[in-house]
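Residue numbers for the sequence shown follow this note's numbering, so the first one is 12 and each next one is one higher.
Contents: one structure, followed by commentary.
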Amino acid sequence: MKILIIGAKGTLGQALVQEFSNHEVLAWDREEIDITDLEATSQKLKAEKPDIIINAAAMTDVDACETNIAAAQKLNGDAPKHLAQLANELDATLVQYSTSYIFDGSSKDGYAEGATPHPISVYGQTKLSGEHSAMLARKHYILRLDRLFGRSGGGKKSFVDKMLEATATKKKLSMIDDEEGNPTYAPDIAARTRYILENKLPYGIYHTTNEGSCSWYEWAKEIFKIRGIAVELERAHVADFPRKAKRPQYAHLINTKLPPMRSWQAALKEYLAS
Ligand SMILES: NC(=O)c1ccc[n+]([C@@H]2O[C@H](COP(=O)([O-])OP(=O)(O)OC[C@H]3O[C@@H](n4cnc5c(N)ncnc54)[C@H](OP(=O)(O)O)[C@@H]3O)[C@@H](O)[C@H]2O)c1
Numbered sequence: 012m013k014i015l016i017i018g019a020k021g022t023l024g025q026a027l028v029q030e031f032s033n034h035e036v037l038a039w040d041r042e043e044i045d046i047t048d049l050e051a052t053s054q055k056l057k058a059e060k061p062d063i064i065i066n067a068a069a070m071t072d073v074d075a076c077e078t079n080i081a082a083a084q085k086l087n088g089d090a091p092k093h094l095a096q097l098a099n100e101l102d103a104t105l106v107q108y109s110t111s112y113i114f115d116g117s118s119k120d121g122y123a124e125g126a127t128p129h130p131i132s133v134y135g136q137t138k139l140s141g142e143h144s145a146m147l148a149r150k151h152y153i154l155r156l157d158r159l160f161g162r163s164g165g166g167k168k169s170f171v172d173k174m175l176e177a178t179a180t181k182k183k184l185s186m187i188d189d190e191e192g193n194p195t196y197a198p199d200i201a202a203r204t205r206y207i208l209e210n211k212l213p214y215g216i217y218h219t220t221n222e223g224s225c226s227w228y229e230w231a232k233e234i235f236k237i238r239g240i241a242v243e244l245e246r247a248h249v250a251d252f253p254r255k256a257k258r259p260q261y262a263h264l265i266n267t268k269l270p271p272m273r274s275w276q277a278a279l280k281e282y283l284a285s
């Protein structure tokens, strides 16, 4: 079984490479492949003939997407279509990751797999387009996640690392308390990906986040509690921090298809101990 991991140096990509280390893995990032270069991508994939194509590459800077619409669409929306076509030609399985940001976040009750998407940002729109693209693969899995954390690559830091870094110089922090989501630990998503593939679950959409939700304020509070860091933490509102892109206020993904994952607090504890 040959597994191609694209975006292998990203937060999720690194965890995937680790998770599948006992398989034949091709771990490709930008240096090895630019998936928006269709010709080069076709040539490389047809030469390697992977059985499984896992696409963890994306433009994930939500604010940057607002001003780079064409580039965001090309990578998040169009490249998965080409991967889907190649997957069909090679009779391979395509795994594509998506996001809670395909929803508008107006429902406090959350969103199950079949809920109607309504993105409110360019990132969300392009990721939804990526879902439609991935669905063109006969064998496809779309895993939606939210607020990823874990060991990051390329200088990009997750919320957890940013919080720890901030406390090196600040003893008082203001965090948004009126926007909620599901923190998701990259190694847990990698393990979930493996579970879905190994158990040959039906193709389709899966919601894969750690159990439980919280605001940014609550998440920061838990980080400092686990690490025993004394910081004065203040509740703030979305309106206090103007950002280019709109975010869903309640980005809860409801998982109705898979056994629940461990809580985000348990995953966070493991990450902070590592
Ligand atoms: N991060 C989150 O909070 C979050 C939340 C929900 C869903 N997701 C989804 O989860 C998946 C993984 O996200 P992540 O945070 O792990 O991403 P990430 O850390 O930004 O990693 C993406 C990787 O893909 C590479 N890449 C970028 N453009 C490429 C291209 N054209 N061809 C090949 N590789 C390219 C990046 O290289 P460079 O660093 O050089 O650009 C980077 O190494 C994505 O589908 C994302 O939309 C993420």
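Heads up, the beta-carbon is just placed ideally off N, CA and C, and yes, glycines get one too.
Remember, predicted model here, so these are calculated numbers, not experimental data.
With DSSP collapsed to three states, give me the class of R246.
-> Walking along the sequence shown from the start, residue 246 turns up at place 235. The answer is strand: DSSP assigns R246 an E or B state.
Tell me which same chain residues have a C-beta within less than 6 Å of the C-beta of I131, skipping the five on either side of it?
-> Working through the sequence shown from its first residue, we reach residue 131 at position 120. Answer for I131: D115, K257, listed in chain order.
With distances taken Cα to Cα, identify the nearest neighbour of A82 among M186, S109, Q136, D189.
-> Against the sequence shown, residue 82 aligns to sequence position 71. Of the listed residues, the one whose Cα sits closest to A82 is Q136.
Can you tell me whether I80 is buried or exposed, with buried defined as 16 or more other CB within 10 angstroms of its CB?
-> Indexing the sequence shown from 1 puts residue 80 at position 69. I80 should be labelled exposed.
Within the stretch 39 to 113, note down every full alpha helix (DSSP H) run reaching 4 residues or more, in order along the chain.
-> 49 to 59, 73 to 78, 80 to 83, 90 to 101
If we call anything under 8 Å between Cβ atoms a contact, is A145 one with D188?
-> Counting from 1 along the sequence shown, the entry for residue 145 is found at position 134. Counting from 1 along the sequence shown, the entry for residue 188 is found at position 177. Cβ distance not < 8 Å, so A145 and D188 don't count as in contact.
In the DSSP assignment, what residue or residues form a beta bridge with F160?
-> The residue you call residue 160 lines up with position 149 of the sequence shown. Paired residues: Y196.
Cβ pair T71, G164 closer than 8 Å = Looking up residue 71 in the sequence shown gives position 60. Looking up residue 164 in the sequence shown gives position 153. No.
Enumerate in chain order the residues of its own chain whose CB-to-CB distance from K92 is below 7 Å, with the five nearest sequence positions on each side excluded.
-> By one-based count along the sequence shown, residue 92 stands at place 81. Only S144, L147 meet the Cβ criterion.
If you run the structure through DSSP and keep just helix, strand and coil, what is H34?
-> Along the sequence shown, one-based indexing puts residue 34 at 23. Reduced to three states, the DSSP call for H34 is coil.
Residue nearest to M272 in terms of C-alpha spacing, selected from E222, E30, K13 | Here residue 272 refers to the residue found at position 261 when the sequence shown is read from its first residue. Of the listed residues, the one whose Cα sits closest to M272 is E222.
How many Å lie between F252 and R205 at the Cα?
-> The residue you call residue 252 lines up with position 241 of the sequence shown. The residue you call residue 205 lines up with position 194 of the sequence shown. Cα to Cα, F252 sits roughly 38 Å from R205.
Does at least one heavy atom of ligand 1 sit under 7 Å from the Cβ of T71?
-> Working through the sequence shown from its first residue, we reach residue 71 at position 60. At least one heavy atom of ligand 1 is nearer than 7 Å to the Cβ of T71, so yes.
G141 by DSSP, collapsed to three states: which one?
-> The count along the sequence shown starts at 1 and reaches residue 141 at position 130. Residue state, collapsed to three classes: helix.
Under the assumption that G121 contacts I14 (Cβ atoms under 8 Å), give the Cβ distance between them as a whole number of angstroms.
-> On the sequence shown, residue 121 is found 110 positions in, with the first residue counted as 1. On the sequence shown, residue 14 is found 3 positions in, with the first residue counted as 1. About 32 Å; that fails the 8 Å criterion.
According to DSSP, which residues form a beta bridge with L15?
-> The residue labelled residue 15 in the question sits at position 4 within the sequence shown. L15 pairs with L37, I64.
Taking contact to mean at least 3 C-beta pairs separated by less than 8 Å, is the stretch 224 to 239 in contact with the stretch 45 to 60?
-> no
Is it the case that the Cβ atoms of N87 and S140 are separated by a distance below 8 Å?
-> Walking along the sequence shown from the start, residue 87 turns up at place 76. Walking along the sequence shown from the start, residue 140 turns up at place 129. Yes, these two residues count as a Cβ contact at 8 Å.
Who does R155 pair with in a DSSP beta bridge?
-> Locating residue 155 in the sequence shown gives position 144, where the first residue counts as 1. Beta-bridge pairing links R155 to S109, H218.
Are L105 and I64 close, meaning C-beta to C-beta below 8 Å?
-> Here residue 105 refers to the residue found at position 94 of the sequence shown. Here residue 64 refers to the residue found at position 53 of the sequence shown. Yes, they are a contact pair.
Flag this pair as yes or no: are the beta carbons of T110 and K150 separated by less than 8 Å?
-> In the sequence shown, counting from the first residue as 1, residue 110 sits at position 99. In the sequence shown, counting from the first residue as 1, residue 150 sits at position 139. For T110 and K150, no; Cβs fall outside 8 Å.
For H34, collect the residues of the same chain with a Cβ closer than 7 Å to its Cβ; drop the 5 residues on either side in sequence, then sort them by chain order.
-> Against the sequence shown, residue 34 aligns to sequence position 23. Closer than 7 Å at the Cβ level, and outside the excluded window around H34, lie M12, I14.
Measuring CA to CA, which of E281, P259, A277 is closest to S117?
-> Along the sequence shown, read from residue 1 onward, the residue named residue 117 stands at position 106. Comparing Cα positions, the closest option is P259.
Assign L27 to one of three DSSP states: helix, strand, or coil.
-> Along the sequence shown, read from residue 1 onward, the residue named residue 27 stands at position 16. Three-state result, L27: helix.
Let me know if D157 comes out buried or exposed under the rule of 16 or more other beta-carbons within 10 Å of its beta-carbon.
-> Residue numbering aside, residue 157 sits at position 146 when the sequence shown is read from its first letter. Buried.
DSSP on K279, reduced to helix/strand/coil?
-> For the purposes of this step, residue 279 is taken as residue 268 along the sequence shown, with counting starting at 1. The sequence given here has Leu at residue 279, not Lys. L279 falls in the helix class under three-state DSSP.
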